[in-house]
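Encoded as structure tokens, the structure appears first; notes follow it.
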Amino acid sequence: MLIIRRRRGESIVIGEDIEIEILETSPTQVKLGISAPKEVTVLRSEIRTTRDVNRAASSADPDKLNSLVEQIRENAVTPEEPSSKNSPVVVPDNE
Amino acid sequence: MPSISTKQFGIVQFAEEDIFEFPNGLPGFEAEHRFLCIERPALRPVVFLQSTVHADLCFITLPARSVDPGYELEVAAEERTVLGLAEAEAPIWDHSLACLAIVCLPSEGAPTANLLGPVVLSRETRKGVQAVRDDCRYSALTPLQPAASERNAAELSPVGKSHAERLAEV
Numbered sequence: 018m019l020i021i022r023r024r025r026g027e028s029i030v031i032g033e034d035i036e037i038e039i040l041e042t043s044p045t046q047v048k049l050g051i052s053a054p055k056e057v058t059v060l061r062s063e064i065r066t067t068r069d070v071n072r073a074a075s076s077a078d079p080d081k082l083n084s085l086v087e088q089i090r091e092n093a094v095t096p097e098e099p100s101s102k103n104s105p106v107v108v109p110d111n112e
Numbered sequence: 170m171p172s173i174s175t176k177q178f179g180i181v182q183f184a185e186e187d188i189f190e191f192p193n194g195l196p197g198f199e200a201e202h203r204f205l206c207i208e209r210p211a212l213r214p215v216v217f218l219q220s221t222v223h224a225d226l227c228f229i230t231l232p233a234r235s236v237d238p239g240y241e242l243e244v245a246a247e248e249r250t251v252l253g254l255a256e257a258e259a260p261i262w263d264h265s266l267a268c269l270a271i272v273c274l275p276s277e278g279a280p281t282a283n284l285l286g287p288v289v290l291s292r293e294t295r296k297g298v299q300a301v302r303d304d305c306r307y308s309a310l311t312p313l314q315p316a317a318s319e320r321n322a323a324e325l326s327p328v329g330k331s332h333a334e335r336l337a338e339v
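Protein sequence lines correspond, in order, to chains A and B.
Going by the numbering used here, the first residue of the first sequence is number 18, and it counts up by one from there.
Going by the numbering used here, the first residue of the second sequence is number 170, and it counts up by one from there.
The following block contains the structure:
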């Protein structure tokens with residue numbers, strides 16, 4: 018990993034057309050200004066993680082659903098959250 | 170009454186006001202703006218987040234607090250705007266807002282829930298957003314605590330199978 022020390026108001030460039038400027042610093046946060054071409058995706062890394070996890074979750078194995086439910090119910094500390102209050106669409110179990 | 174065809178539940182009828190609108194979609198699914206929350210009594214507390222456009226896009230979610238009873242989330246300004254929450258309004262969980270963690274159920278390996286980026290739904294404005302945190306308190310792959318019976322996988326697997334078959338019949 019390349020490590021560069023910069024102060025507020027200074028910047029770095031990546032390639033020909035990406036520039037990252039240090040706008041503000043505080044003991045816990047850094048505010049960055051990023052100039053990049055439109056076709057370059059700039060994401061917080063947590064959003065990239067969530068994107069990857071969303072993609073993985075979208076192909077969940079339905080065979081595992083029932084054991085998941087048992088697991089959750091056994092671990093439930095508080096009574097079941099009445100999520101039905103949001104008037105969800107309830108599909109009968111057909112049992 | 171409008172209806173959609175879904176992979177998991179067959180044809181599902183719903184009312185227009187049942188839909189949650191995600192103005193930004195979800196990361197990785199930016200073009201998906203309309204979802205239904207579907208519950209099945211036998212599978213509570215699971216909430217299915219079903220796309221109203223793509224039959225085979227259905228996220229399995231759990232209330233974040235059923236994954237971690239102490240789970241806390243502050244709704245950031247950007248997400249408040251999307252949800253139509255007033256600036257200073259303290260979020261009222263369980264009443265006006267729901268906080269759901271998307272579950273990964275891999276064919277191999279243990280199930281996990283995304284507590285880094287929970288889905289927040291407003292029951293009043295019918296808006297939704299995936300509120301990705303910027304702290305490091307929670308993981309996108311939080312393991313679900315194994316239940317006592319889970320430790321005996323042999324005992325559970327037949328149940329899982331037969332349920333999967335039932336699901337397929339619906």
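All C-beta atoms, glycine included, are put in the ideal place defined by N, C-alpha and C.
Three or more C-beta pairs under 8 Å: does that hold for the segment 20-36 of chain A against the segment 223-238 of chain B? no
CA nearest to the CA of residue 301 (chain B), picked from A:66, A:90, A:21 and A:53: A:66
Quick check on this structure: which residue in B:234, B:265, B:208 and B:276 has the alpha carbon closest to the alpha carbon of residue 227 (chain B)? Considering only alpha carbons, the answer is B:208.
Looking at the structure shown, is residue 262 (chain B) part of a helix, part of a strand, or coil, going by DSSP? Reduced to three states, the DSSP call for residue 262 (chain B) is strand.
Can you find at least 3 beta carbon pairs, one from the segment 52-64 of chain A and one from the segment 269-280 of chain B, that sit closer than 8 Å? Flag = no, the segment 52-64 of chain A and the segment 269-280 of chain B do not touch.
Please confirm whether residue 51 (chain A) has its beta-carbon closer than 7 Å to some beta-carbon of chain B. no
DSSP beta-bridge partners of residue 64 (chain A): Residue 64 (chain A) is not bridged to any residue.
Test item: CB-CB of residue 219 (chain B) and residue 205 (chain B) under 7 Å: Contact: yes.
Could you tell me if residue 57 (chain A) is buried or exposed, where buried requires 16 or more neighbouring beta carbons within 10 angstroms of its beta carbon? exposed
Can you tell me whether DSSP reads residue 177 (chain B) as helix, strand or coil? coil
How many Å lie between residue 171 (chain B) and residue 294 (chain B) at the Cα? 20 Å
Could you check which residue in B:284, B:221 and B:289 has the C-alpha nearest to that of residue 306 (chain B)? B:284
Where does residue 203 (chain B) fall in DSSP's three states? Looking at residue 203 (chain B) - three-state DSSP - the assignment turns out to be strand.
Check the Cβ-Cβ distances between residue 63 (chain A) and every residue of chain B, and say whether any is below 7 Å. yes
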